[in-house]
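Read in order, the letters of the sequence shown correspond to residues 7 to 483 in our numbering.
In this text, a Cβ means the ideal position worked out from N, Cα and C, and glycines have one as well.
The structure displayed is predicted, hence computed values, not measured ones.
Take a look at the structure below.
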Amino acid sequence: MELVRGGDTIVLRDASRVRAILADAAPDSTKEIAALAAAVEESVPPSITGSTGSLSVEGSIDRLARTLADRRALSLGAATWAVRSWAWVLEKGPPPDDAIVDDGDPAAPPMRAGPRQTLREILATYGPGVQRDVSRLRALLADLAPGFRREQAALSAAAEERIPDRIEARSQPDGPLLVAPLADRLVARQALSTDAATWAVASWAWVLGAGPEPADSAADARSQGSAPPPFTQSPPPQPAPAPAAWQADGPVAEEPPTPPPWSAAGAEPPPERPRKRRRRRQVLLVAGILLVLSGGSAAIAAASQDNGYTYTPTYPAPATDSTTTPYDPTPTTPAPTTTTASTWPEFIQNTFYAPSSSCQPVTTNIDGVEYAMMCELTDDRSGSTVSDSVVVRYMGWSSKSEMDAFLDEDKTADSYDESTWSFTTNNSVTQGRLIKFINDGESAIDWSYETKLLTGEAQSTISQSELADWWTSATVE
Numbered sequence: 007m008e009l010v011r012g013g014d015t016i017v018l019r020d021a022s023r024v025r026a027i028l029a030d031a032a033p034d035s036t037k038e039i040a041a042l043a044a045a046v047e048e049s050v051p052p053s054i055t056g057s058t059g060s061l062s063v064e065g066s067i068d069r070l071a072r073t074l075a076d077r078r079a080l081s082l083g084a085a086t087w088a089v090r091s092w093a094w095v096l097e098k099g100p101p102p103d104d105a106i107v108d109d110g111d112p113a114a115p116p117m118r119a120g121p122r123q124t125l126r127e128i129l130a131t132y133g134p135g136v137q138r139d140v141s142r143l144r145a146l147l148a149d150l151a152p153g154f155r156r157e158q159a160a161l162s163a164a165a166e167e168r169i170p171d172r173i174e175a176r177s178q179p180d181g182p183l184l185v186a187p188l189a190d191r192l193v194a195r196q197a198l199s200t201d202a203a204t205w206a207v208a209s210w211a212w213v214l215g216a217g218p219e220p221a222d223s224a225a226d227a228r229s230q231g232s233a234p235p236p237f238t239q240s241p242p243p244q245p246a247p248a249p250a251a252w253q254a255d256g257p258v259a260e261e262p263p264t265p266p267p268w269s270a271a272g273a274e275p276p277p278e279r280p281r282k283r284r285r286r287r288q289v290l291l292v293a294g295i296l297l298v299l300s301g302g303s304a305a306i307a308a309a310s311q312d313n314g315y316t317y318t319p320t321y322p323a324p325a326t327d328s329t330t331t332p333y334d335p336t337p338t339t340p341a342p343t344t345t346t347a348s349t350w351p352e353f354i355q356n357t358f359y360a361p362s363s364s365c366q367p368v369t370t371n372i373d374g375v376e377y378a379m380m381c382e383l384t385d386d387r388s389g390s391t392v393s394d395s396v397v398v399r400y401m402g403w404s405s406k407s408e409m410d411a412f413l414d415e416d417k418t419a420d421s422y423d424e425s426t427w428s429f430t431t432n433n434s435v436t437q438g439r440l441i442k443f444i445n446d447g448e449s450a451i452d453w454s455y456e457t458k459l460l461t462g463e464a465q466s467t468i469s470q471s472e473l474a475d476w477w478t479s480a481t482v483e
């Protein structure tokens, strides 16, 4: 709450940071974070802070909750809890009722088939890898199926929970798919309504060839009469003590599904760029939200994008040894991952001259990535005349084959050009690959530190030649 009184309201508009801060503070639940972060993405906190006086529960708050539920395919109970929680944290409403129970929402709009058809076309065009790149998938759905925000949210939430992978990896691929357990997972971890979760699972199954095209609403399902159901539902679970509403689901040992920071042009919202971190004030905001959760014994968990590492820029002296050796593309056995990974943060910090302090670790579900850092670099460190900032992401890889597979994807991009670069610093890295291409209309480059199992990628609105000049002046001796 001190965060708002201090005037620092940027975090209230940055869902990725809110999600990361909450996960960093109390990593025990995902449902609450999904609802709170969805509210931020729909600008609920700014709407609350912009109001005069307290909000009435049966007026403004419930209207915001209805809108949130409709746009994000959330259960009405989850949306109501999230809006009331934000109102209380921002001192605009009473404490929320942590015992809210979802009894269904007969007024919820039906799910529509259009985005499912678009999803099928996306996978046919971009390949199966897009189902694991949630940020890119979300951007493509927003760009190619505008006006279907509810369906976009449900399909993207399913991708975050790796529902497509679970469908493809089921033990009996030729047998009927049990929709209910996967839908229950979306309800329990992503706060989706039961209807939206069932639709999302069935839609992914159809797209992946694991089932027929599903009905898009309860009315459609009823209209099928005596026709056999498209999927076999799971048997009813054994009776068990019901947990209190909004309690933590318990930690799940799997890779957290935080989306990568870049997405396709035209996406809504646009790709987030890193901002300077104000840890002290953010923790105060977390404390307020934790008080909300404590009433229902709920803790918060999700994919953390903030592991507490604060990036401190340094200014290494230019190297004096400019000797280089020809680049040998022959695969070599990488150093042990644990040893390599431990050197990545310091190496990144010392690679660029005077990097921006806006660097921060992030997480991504790209296959093979073990470490990632996002930076926003500007021209003040290299004497370049570039006036635009350049967004840079570094990624450390578990193996050379995973790194190569990622770089090979760029060969399908526009204006693709690959060369070998030489780089001499005090970091004992002398050569790698430099790849220039156009990504969704913006200039982009990738470069590799072969012996470090590390890649960098940069994207900017400046021209491709300017971006290459910027990179050369910043990195190459």
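Under 8 Å between C-beta atoms of Ser199 and Leu125: No, they are not a contact pair.
Proximity below 8 Å, CB of Ala163 to CB of Ala206: Contact: yes.
Short CB-CB distance (under 8 Å) between Ala175 and chain D: Of the protein chains in this structure there is only one, and it is not chain D.
Span separating the alpha-carbon of Pro51 from that of Leu82: Their backbone Cα atoms lie some 18 Å apart in a straight line.
Boundaries (first-last residue) of the beta strand (DSSP E) holding Leu460: Annotation: the continuous beta strand (DSSP E) that includes Leu460 extends over 460-466.
Residue span of the beta strand (DSSP E) that contains Val368, given as start and end: 366-368 is the extent of the beta strand (DSSP E) around Val368.
Nearest-angstrom Cα separation, counted from Ser66 out to Val375: So the two alpha carbons sit approximately 43 Å from each other.
Neighbour-count burial assignment, Asp327, 16 or more Cβ in a 10 Å radius: Note that Asp327 scores 36 on pLDDT, short of 50, meaning its location in the model is unreliable; the coordinates nonetheless yield the value given after this. Looking at its Cβ environment, which holds fewer than 16 other Cβ atoms inside 10 Å, Asp327 is exposed.
Alpha-carbon to alpha-carbon, Arg144 and Ala378: Those two C-alpha atoms are separated by around 20 Å.
Minimum C-alpha distance to Ile169 - residue among Ala159, Arg155, Leu192, Phe154: Just measuring C-alpha positions, the residue of Ala159, Arg155, Leu192, Phe154 sitting nearest Ile169 is Leu192.
For Arg284, the three-state DSSP class (helix, strand or coil): In this prediction, Arg284 scores a pLDDT of 25, lower than 50, which makes its location untrustworthy; the coordinate-derived value is nonetheless stated afterwards. Arg284: coil per DSSP, three-state reduction.
Beta carbon of Arg156 nearer than 8 Å to that of Ala79: Yes. Within cutoff.
Distance, Pro101 Cα to Asp30 Cα: Cα to Cα, the separation comes out at about 23 Å.
Pro187 burial status per 10 Å Cβ neighbour count (16 or more: buried): By the neighbour-count rule (16 or more Cβ atoms within 10 Å), Pro187 is not buried but exposed.
Coil, strand or helix - Asp104 by DSSP: Here Asp104 sits in coil by DSSP.
Residue closest to Ala88, alpha-carbon to alpha-carbon, out of Leu161, Ala175, Ala41: For Ala88, the closest C-alpha among the options Leu161, Ala175, Ala41 is that of Ala41.
Backbone secondary structure at Arg25 - three-state DSSP: In the three-state reduction of the DSSP assignment, Arg25 falls in the helix class, which pools H, G and I.
Neighbourhood of Asp373 by C-beta distance below 7 Å, restricted to the same chain and skipping five residues each side: Counting only Cβ-Cβ distances below 7 Å, and skipping sequence neighbours, we find Arg138, Glu408.
Through-space distance from Tyr455 to Met117, alpha-carbon basis: Straight-line measurement puts the Cα of Tyr455 at about 46 Å from the Cα of Met117.
Buried versus exposed call for Pro115 [16 or more other C-beta atoms within 10 Å across all chains shown]: Counting Cβ neighbours within 10 Å, Pro115 comes out exposed, since fewer than 16 surround it.
Straight-line gap, Gln158 to Leu146 (C-alpha atoms, nearest Å): If you draw a straight line from the Cα of Gln158 to the Cα of Leu146, it comes to about 10 Å.
Other residues of its chain near Ser232: CB distance less than 7 Å, five sequence neighbours each side excluded: With a pLDDT of 30 at Ser232, under the threshold of 50, the predicted position of this residue should be treated as unreliable, though the coordinate-derived value follows. Non-local C-beta neighbours of Ser232 in its own chain, meaning closer than 7 Å and more than five positions away in sequence, are absent.
DSSP-derived helix/strand/coil call for Glu157: For Glu157, the three-state secondary structure derived from DSSP is helix.
Distance CB(Ile173)-CB(Leu129) smaller than 8 Å: No, the pair does not count as a contact, with Cβ atoms beyond the cut-off.
First and last residue of the uninterrupted alpha helix (DSSP H) at Ser407: Counting along the chain, the unbroken alpha helix (DSSP H) around Ser407 starts and ends at 406-414.
As assigned by DSSP and simplified to three states, the class of Ala197: Coil, per DSSP.
Residues near Ser53 in its chain [Cβ-Cβ closer than 8 Å; skip 5 each side]: Same-chain partners within the cutoff: Leu70.
Exposed unless 16 or more other CB atoms sit within 10 angstroms - verdict on Glu463: With 16 or more Cβ atoms within 10 Å of its Cβ, Glu463 is classed as buried.
CB of Ser466 within 8 Å of CB of Val397, strictly: Result yes, Cβ atoms of Ser466 and Val397 sit closer than 8 Å.
8 Å contact criterion, which Asp423 and Lys442 should meet: CB distance rounded: With a Cβ gap of about 5 Å, Asp423 and Lys442 count as contacting.
Cα-Cα separation, Trp403 to Glu472: Between Trp403 and Glu472, the C-alpha separation is close to 28 Å.
CA-to-CA distance, Glu219 to Glu352, given in whole angstroms: Answer to the nearest angstrom: the Cα atoms are 50 Å apart.
Best match in Glu38, Met401, Ala216 for proximity to Leu183 [C-alpha to C-alpha]: It is Ala216.
Burial state of Glu97, where buried means 16 or more other Cβ atoms lie within 10 Å: Glu97 should be labelled exposed.
Between the CA atoms of Val136 and Ala273 - distance to the nearest angstrom: Low per-residue confidence applies at Ala273: pLDDT is 34, beneath 50, and the placement is therefore not dependable, though the value from the model is reported in the following sentence. Approximately 15 Å, taken between the alpha carbons.
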